[in-house]
Every structure is written in C-alpha cells, then in structure tokens.
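The structure appears below as structure tokens.
In this note's numbering, the protein residues as written are 960 to 1134.
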C-alpha cells in the first residue's frame, strides 16, 4: 500500500504544482470490510465513489455464483492478466480466463470479502485489494473453505468498468 499511497500523494502534489485545485477525501467502508482513499483533481472530473468500486466486486461474485465462465470473462478486459487462486498458470487472454473459470466454477464457489481497501487513482482507474473466503460446495453438499488475498485493478473503458488485472492467492499459513 505504501507504493500506491505515494502515487496518490504524488498526483495531488503534481495537481497543485500545475495550478489545479486538489481535494483529498477519505471515505470509510463498513467497519468489517475496509477503507477507501481518494485524491480528486478538479480538472480531471469526478472520481468514482467507494460504493461504485465496491459494487464491482459484488458484480464479479454474482457472476462467480451464476457459474457461467463466458459471462465472467466478459467483465475482464481483452488484455487482462489473471493470476488465479487455484492454478499456477498466468492467464493473459480471454481463452485462458474462460479455461480457468470453467474448472474453478465447477467447484460451486462463492466469495465473501473480509477486508477491502479501495484506492481510486483517477476517474478511470481503481484498485480493490483485500481478503476473501471462498466457500466451495460439493455435489453432496459438503462445504470446504479457502482463505485468499486478492487485488482487482479496474479500468473504465468505453464507459464500462473492466478488470484489467486480477491476482488471487491462498493465504499463507500463519507463522
């Protein structure tokens, strides 16, 4: 987070240096989820809200629960990079993303965020980083769980928010 904070702070300093009024705001997510940080430069327009960026995870999770890998791949940019939770293979195109989700969705997953930190970089770019727990439901109803960390990088293209980078990995065992 330190690197992102430097980028965000640097944007505010640059804006002021070039005469644009900068307004820094901090919004809070529900206490059990996380926080958001914003730097708004008036010359560049309004920033997306924390709720808008948070809803992008909800959209993703709804598609995960629906079990359609093609529909899920539709919210990834054509040049997106996916470093998936349950595969060592990096996916860098739609076919690879669909392939991963075909296998992943067969496990009947549902994700629940336990921590979210949202960074809005500009009006078209945001990052949601945090922790989530996946619940997998077998055909016999048996449930298994996987705690993971994630980073979604979103970019607004043609008026639509797309995932341009998604990293998810299992949490390491506590030491």
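Just so you know, even glycine gets a beta-carbon here, dropped at the ideal spot from N, CA and C. Just so we're clear, the structure is a prediction, and the values are computed from it rather than from any experiment.
Checklist entry - Is residue 1041 helix, strand or coil by DSSP? => result Of the three classes helix, strand and coil, the one that applies to residue 1041 here is strand, per DSSP.
Next on the checklist: Between the alpha carbons of residue 1010 and residue 1045, how many angstroms are there, rounded?
Outcome noted: Going from the Cα of residue 1010 to the Cα of residue 1045 covers about 28 Å.
Checklist entry - Per DSSP, what kind of secondary structure is residue 1006 in: helix, strand or coil? => result Residue 1006 falls in the coil class under three-state DSSP.
Next on the checklist: Which of the three DSSP states is assigned to residue 1052 in this structure?
Outcome noted: The answer is coil: DSSP assigns residue 1052 none of H, G, I, E or B.
Item to check | Pairwise C-alpha distance: residue 1005 and residue 1035 | outcome: Inter-residue distance for residue 1035 and residue 1005 is about 24 Å (C-alpha atoms, whole angstroms).
Checklist entry - Is there contact between the region 1099-1115 and the region 1022-1030, where contact requires at least three CB pairs shorter than 8 Å? => result Touching, no.
Checklist entry - Under the rule that 16 or more other beta-carbon atoms within 10 Å means buried, what is residue 1079, buried or exposed? => result It is buried - the Cβ of residue 1079 has at least 16 other Cβ atoms within 10 Å.
Next on the checklist: Let's test the definition: count the other Cβ atoms within 10 Å of the Cβ of residue 1065 and tell me whether it reaches 16, buried, or not, exposed.
Outcome noted: Here residue 1065 is exposed: its Cβ has fewer than 16 other Cβ atoms, across all protein chains shown, within 10 Å.
Next on the checklist: With the cut-off set at 8 Å, would you say residue 1075 and residue 1089 are in Cβ contact?
Outcome noted: Yes, the Cβ-Cβ distance between residue 1075 and residue 1089 is below 8 Å.
Checklist entry - How about residue 1096 and residue 1067: do their beta carbons lie closer than 8 Å? => result Taking 8 Å as the Cβ cut-off, residue 1096 and residue 1067 qualify as a contacting pair.
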